[in-house]
Amino acid sequence: PHNMFLKMSSELGLPATICFMLFLICIFTKFISKFTHLEEKNQLIALLLCVSLLGAIAHSLVDFNFNFATNIVIFFMLLAFFYYLLTNENKKSFNNKLEKAILTSLCVIMLIFISLETINSGAAFLARNSWDQKDFKQA
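Residue numbers (our numbering): 48 to 186.
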């Protein structure tokens, strides 16, 4: 199916789809309730993250783009940043340098993962293209 929720329903069942939808609804209701309490600089970041996530979900209603690992990793990383921004607004961080190091490390790992998958998919495309053209030396 060309729909994230239909695919999830057919593969994992209706209870899993309902749990995932409730998970998303909880996060976005938290956004609605906390948005006015955020600092002005964080309001813009939260709004951009919210629009990005809603755009990905809206696109997934007509085309299932989460079958690629890079898309699902980016989606859940944005979701994690979004949730972190909403929940840590009024808390004193225990070590700001540690939090920045962890976030930077996660971003670097995600970038490496995406790069490796892109290189691997490009190599697979070239091998498949060579195979289709009966050029077995290059494949």
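Cβ atoms here follow ideal geometry from the backbone N, Cα and C, with glycine treated the same way.
| Check | Outcome |
| --- | --- |
| For PHE111 and LYS54, believed in contact at Cβ under 8 Å, the rounded distance | 5 Å |
| Nearest to PHE160 (by Cα), restricted to the options LEU101, GLY102, ILE119 | ILE119 |
| Stretch-stretch touch, CB-based, cutoff 8 Å, three pairs: the region 75-92 with the region 146-156 | no |
| For GLY102, the three-state DSSP class (helix, strand or coil) | helix |
| Contacting residues, own chain, Cβ-Cβ under 8 Å from LYS49 (five flanking each side not counted) | One detail in the question is off: residue 49 reads as His in this sequence, not Lys. Hits under 8 Å: VAL109, ASP110, PHE111. |
| Distance, ALA174 Cα to SER140 Cα | Here SER140 scores only 49 on pLDDT, less than 50, and its place in the model should not be relied on; the value that follows carries that caveat. Answer to the nearest angstrom: the Cα atoms are 49 Å apart. |
| Distance CB(MET51)-CB(ILE104) smaller than 9 Å | yes |
| Exposure of LEU133, with buried meaning 16 or more beta-carbon neighbours within 10 Å | buried |
| Nearest residue (CA-CA) to CYS154, options ASN167, ASN135, ALA170, THR117 | THR117 |
| Chain-order list of residues whose beta-carbon lies under 8 Å from that of GLY60 (same chain, five-residue window excluded) | none |
| Buried versus exposed, by CB contacts within 10 Å (16 or more), ALA127 | exposed |
| Same chain, Cβ closer than 8 Å to LEU96, five either side skipped, listed in chain order | LEU125, PHE128, PHE129, LEU132 |
| PHE75 beta carbon less than 9 Å from that of LEU91 | no |
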